[in-house]
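Heads up, the thing below is written out as structure tokens.
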Amino acid sequence: MTRRDFSERDIHMALDGELPGEERMAYDAWLEANPEMKAKSARYIADRAAMRAAFAGVMDEPVPARLRQVVLGDAPVKAPAWRSRWWLSAAAAAMLAVGGLGGYVAGIDSIARGGGDDQLAEQAIAAHVIYAAEKRHAVEVPASDKDHLQTWLSNRVGLKLVAPDLAAEGFDLVGGRLLPAGGQGKAAMLLYEDAKGERISLYVTAESSETSKGTYTAETGGPEAVYWLDKGYACAVVGSLPPERLSDVAKSAYGQLLAGISS
Amino acid sequence: MDDKKAAILSEIPRLRRYARSLLRERDSADDLVQDCLERALVRLDNWQTGESPRRWLFTIMHHLFIDQMRKVNRRGEAAMLPLEAGEAQAAPADQVETIASREIIDALQAISPDRRAALVMVAIEGFSYAEAANILGVPAGTLMSRIARGREELRGLLDDTSRRRSIRIVEK
């Protein structure tokens, strides 16, 4: 039997089958003599079992046809334009992970504190502040692809969305993107711009269970949201326009959205 | 169908499992596998006879994953809320996930990509340290430290989760 000092590093090696066979007995004896290390080893073994169990089902899933086709070459492998964006979802996961517990607690807190209308307005304003300031990455799908934008967002949000025509108010559609709303919900954001580069956004979600309307500005200032909530849908128009102008734009946008949703 | 293609086909379930553990969402994971397969087919001639198809394919896929994660970090695009975030959160993998599975999958997503890859490669995919270090392109010592830190981090995250769960129960 080999005599040497073991350390935590050996726990990993033993677990991963990298500990030389002739050291195994000495290692086991060391574990027995060190309850703390033994507990650690047991915990890692349990975590590994849980990890394996969590992904075991993937091996039994049928292989998607698109993957077979890449190999067999019996179908064009030309990728849709935004297929290879898997890494963006990874980036989102990383970002959510960093937010971690703090974000989780903050989320619960805001639900408990404010009503659904405050929450909607805050989310709409937060989205506007982030994306309206972006030059190149303001939208995910540009206005040039409007039909696809409408279909895609409608499918995701679960409402029949028609991007309102706000040309009469001096605003042209820039494009849109999909956003999280509340816990598991989804929201569509449509961004518009006028000739001077002033931007407004529409935030629409099906996540709403109360009826309310009003305007909202954060205590710290910033853009204003004009919002409507009804059962089954909610909409906020956000911008830093003079109140009358924002109100006019919002009424026009809301009228058209509602006509689209109920058509 | 030639032997090389048959060998690649038979590795797809494992590639999908590895991708799923790296990326969580089924569609994103399959996109990564598809990128990997496309690259593999273009480079079919680079595949040495006798080299394990598994190691070859995992190497390709890992490079795609890690290069892209680095680019994302460098460009600062991680701060950009991506297109499918809402979709991804609302539609987890369609396999039946128990609470325990979901917690461990979430925790795995929260550790750094380098550590996640190293840990999964050895703990789930069953590669030896030498094989995993080769696939990941890092020295064995680096691999070991990533595995050790990854396990420790995972444990901490799982502990946080269960603590949070018990707090919620107590508050009811």
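Line order of the protein sequences matches chains X and U. Each residue of the first sequence is one higher than the one before, counting from 11 in the working numbering. Each residue of the second sequence is one higher than the one before, counting from 23 in the working numbering. Idealized CB from N, CA, C, for every residue including glycine.
When the options are compared against residue i, the one with the closest alpha-carbon
i        : options                                   : result
X:LEU169 : X:GLU179, X:GLY180, X:ALA178 and X:ALA197 : X:ALA197
U:ALA122 : X:ARG58, X:ALA153 and X:GLU132            : X:ARG58
X:GLY249 : X:LYS145, X:VAL151, X:ILE210 and X:ARG76  : X:ILE210
X:ASP258 : X:PRO45, X:ASP15 and X:GLY180             : X:GLY180
X:GLN194 : X:VAL167, X:PRO72 and X:ASP204            : X:VAL167
U:ALA41  : U:SER167, U:GLU147 and U:GLY163           : U:GLU147
U:MET91  : U:ASP128, U:PRO135 and U:THR71            : U:PRO135
Proximity below 8 Å, CB of residue i to CB of residue j
i        : j        : result
X:VAL68  : U:ARG39  : yes
U:ARG61  : U:ILE82  : yes
U:HIS84  : U:ALA139 : yes
U:ALA145 : X:MET47  : no
X:LEU171 : X:GLN160 : yes
X:SER218 : X:ALA244 : yes
X:PRO233 : X:HIS138 : yes
X:TYR279 : X:ALA228 : Outside the displayed span of chain X (11 to 273) sits residue 279 of chain X, for which this structure offers no information.
X:LEU251 : X:LEU130 : no
X:VAL149 : X:TRP162 : no
X:ARG19  : U:ALA152 : no
X:ALA173 : X:LEU188 : no
X:LEU200 : X:ALA142 : no
X:TYR37  : X:LEU25  : no
U:ASP52  : X:PRO72  : no
For residue j and residue i, believed in contact at Cβ under 8 Å, the rounded distance
i        : j        : result
X:ALA178 : X:SER262 : 7 Å
U:LEU45  : U:LEU54  : 6 Å
U:SER197 : U:LEU130 : Since the first and last residues shown for chain U are 23 and 194, residue 197 of chain U lies out of range.
U:ARG137 : U:GLU175 : 7 Å
X:LYS206 : X:THR221 : At roughly 35 Å, the Cβ-Cβ gap does not stay under 8 Å, so X:LYS206 and X:THR221 are not in contact.
X:LEU267 : X:VAL214 : 6 Å
Reduced DSSP category for residue i - H, G, I as helix; E, B as strand; rest coil
i        : result
X:GLY31  : helix
X:PRO190 : strand
X:GLU203 : strand
X:PRO253 : helix
X:TYR264 : helix
U:LEU165 : helix
U:SER184 : helix
X:ALA235 : strand
U:GLU144 : Rather than Glu, the amino acid found at residue 144 of chain U in this sequence is Val. Of the three classes helix, strand and coil, the one that applies to U:VAL144 here is helix, per DSSP.
X:LYS196 : strand
X:PRO152 : strand
X:LEU169 : coil
X:VAL80  : helix
X:ALA209 : It is Arg, not Ala, that sits at residue 209 of chain X in the sequence shown. Of the three classes helix, strand and coil, the one that applies to X:ARG209 here is strand, per DSSP.
X:VAL184 : strand
U:THR81  : helix
CB contact below 8 Å: residue i versus chain U
i        : result
X:ALA244 : no
X:ALA52  : no
X:HIS22  : yes
X:ALA60  : yes
X:LYS88  : With a pLDDT of 47 at X:LYS88, under the threshold of 50, the modelled position of this residue cannot be trusted; read the value that follows with caution. Chain U contact via Cβ: absent.
X:LEU29  : no
Chain X within 8 Å of residue i, Cβ atoms only
i        : result
U:GLN56  : yes
U:LEU31  : yes
U:MET166 : yes
U:LEU158 : no
U:ALA107 : Because U:ALA107 sits at a pLDDT of 35, beneath the cut-off of 50, its placement in the model cannot be relied upon, and the point is left open.
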